[in-house]
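One structure is given here, and the rest of the page talks about it.
2 protein chains.
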Amino acid sequence: MRIGELATRAGVSVRALRYYEEQNLLAAERSPSGQRHYPDGAVDRVRLIQQLYAAGVTSRSIADLLPCVVDGQATPELLDRLSAERDRIDRQIGDMVSARDRLDTVIAAATANWRTGQRCRPE
Amino acid sequence: MRIGELATRAGVSVRALRYYEEQNLLAAERSPSGQRHYPDGAVDRVRLIQQLYAAGVTSRSIADLLPCVVDGQATPELLDRLSAERDRIDRQIGDMVSARDRLDTVIAAATANWRTGQRCRPE
DNA sequence: CTAAAACCTGACGTTGACGTCAGAGGCAAG
DNA sequence: CTTGCCTCTGACGTCAACGTCAGGTTTTAG
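Chains A and B, in that order, give the protein sequences. Counting in the UniProt record's numbering, the first sequence runs from 1 upward without gaps. Counting in the UniProt record's numbering, the second sequence runs from 1 upward without gaps.
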């Protein structure tokens, strides 16, 4: 599969894929003319990369952690980094849940104010 | 309270506070000589701003939403924006939970491999 | 065979939330 | 009064994950 098809199937831009290669997140075979060719599994790998980005993991960390995420092998140091990243994500989830709850409270209060207080236009 | 004390008490940098003012998130009284002076409530307000930033809300959105978060009043449009922001945060929480679960799985698998497989050095 | 579409490298542009530095003024203590 | 810390306003620097453009080659469709 060439880069355009992978981009479409994985739902990212061609530029992003070249960037991933630059960051050592995604290798590619090259045809004699220099074009990139990917195996089918690349689609899942790109989705995995996206998932980690969405969780706030940096390219650097992804590059370190991807190998063992893929094949389940890790040194003790890597296990530490995995746990550290996991804990960071966990804390961030907590922060976001508090923020969401706060917004929920505000929405409830503002809706209540809206119903009990003025209606459409002040009169 | 002057800017340095607020920064310390709220746990942010002085630069951040000036930036918040620039973004219309945090107003300040000025002394005759031009120095900023804040009331005690500013500490909580800064913490609130930080909480929203941590949830991925932009300065622009915070500026729009802060008034009604503070006093519980909102127009229907603002209620829509509040809900939209809430839903965005909710989706992001979902993404992060998946990522965390994925890392948990990897950690469990790698730990198991570590115990059953090679021990310290291959022999 | 040719034109369009896809691909290549290299390099500069973007955005958000600040960091950092320069140069100048303000304020409490000794 | 002066020493030392705090504050002020600009204004440029940073970092990550790409976007975008230029200029050229390759592949594909007709």
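Cβ atoms here follow ideal geometry from the backbone N, Cα and C, with glycine treated the same way.
- Within the region 86-97 of chain A, the residues whose Cβ lies closer than 7 Å to some Cβ of chain B are Arg86, Ile89, Asp90, Gln92, Ile93, Asp95, Met96, Val97, listed in chain order.
- The beta carbons of valine 46 of chain A and leucine 26 of chain A sit closer together than 8 Å.
- Within chain A, the residues Val106 have their CB atoms less than 7 Å from the CB of valine 69 of chain B, given in chain order.
- Chain A places no beta carbon closer than 8 Å to that of glycine 41 of chain B, leaving this residue out of the contacts.
- Under the DSSP definition of a beta bridge, arginine 36 of chain A partners with A/Arg30.
- Distances from the alpha-carbon of tyrosine 38 of chain B to those of B/Glu21, B/Leu79, B/Thr111 put B/Glu21 closest.
- Excluding sequence positions up to five before and after arginine 9 of chain B, its CB lies within less than 7 Å of the CB of Val43, all in the same chain and listed in chain order.
- Put simply, the backbone Cα of glutamine 51 of chain A is about 15 Å away from that of isoleucine 93 of chain A.
- Using a Cβ distance threshold of 8 Å, leucine 66 of chain B and glutamate 85 of chain B do not count as a contacting pair.
- In the three-state reduction of the DSSP assignment, methionine 1 of chain A falls in the coil class, being assigned neither a helical nor a strand state.
- With contacts defined as CB atoms closer than 8 Å, alanine 99 of chain A and alanine 54 of chain B qualify as a contacting pair.
- Measuring C-alpha to C-alpha distances from arginine 60 of chain A to each of A/Ala108, A/Leu6, A/Leu82, A/Arg115 identifies A/Leu82 as the nearest.
- The residues Val14, Leu17, Arg36, in chain order, have a CB closer than 7 Å to that of isoleucine 3 of chain A in the same chain once the five nearest residues on each side in sequence are set aside.
- In the three-state scheme derived from DSSP, where H, G and I count as helix and E and B as strand, asparagine 113 of chain B is classed as helix.
- When A/Asp104, A/Asp90, A/Val12, A/Asp101 are compared, the shortest CA-CA separation from glycine 56 of chain A is found for A/Asp90.
- When the beta-carbon positions are compared, isoleucine 107 of chain B and leucine 79 of chain A come within less than 8 Å of each other.
- Proximity of chain B to arginine 60 of chain A at the Cβ level (cut-off 7 Å) is not reached, the minimal Cβ distance being about 16 Å.
- Taking the Cα positions, arginine 30 of chain A is about 34 Å away from proline 76 of chain A.
- Taking 8 Å as the CB threshold, leucine 66 of chain B stays off the interface with chain A.
- Sequence-distant Cβ neighbours of arginine 88 of chain B in its own chain, meaning closer than 8 Å and more than five residues away, are Gly56.
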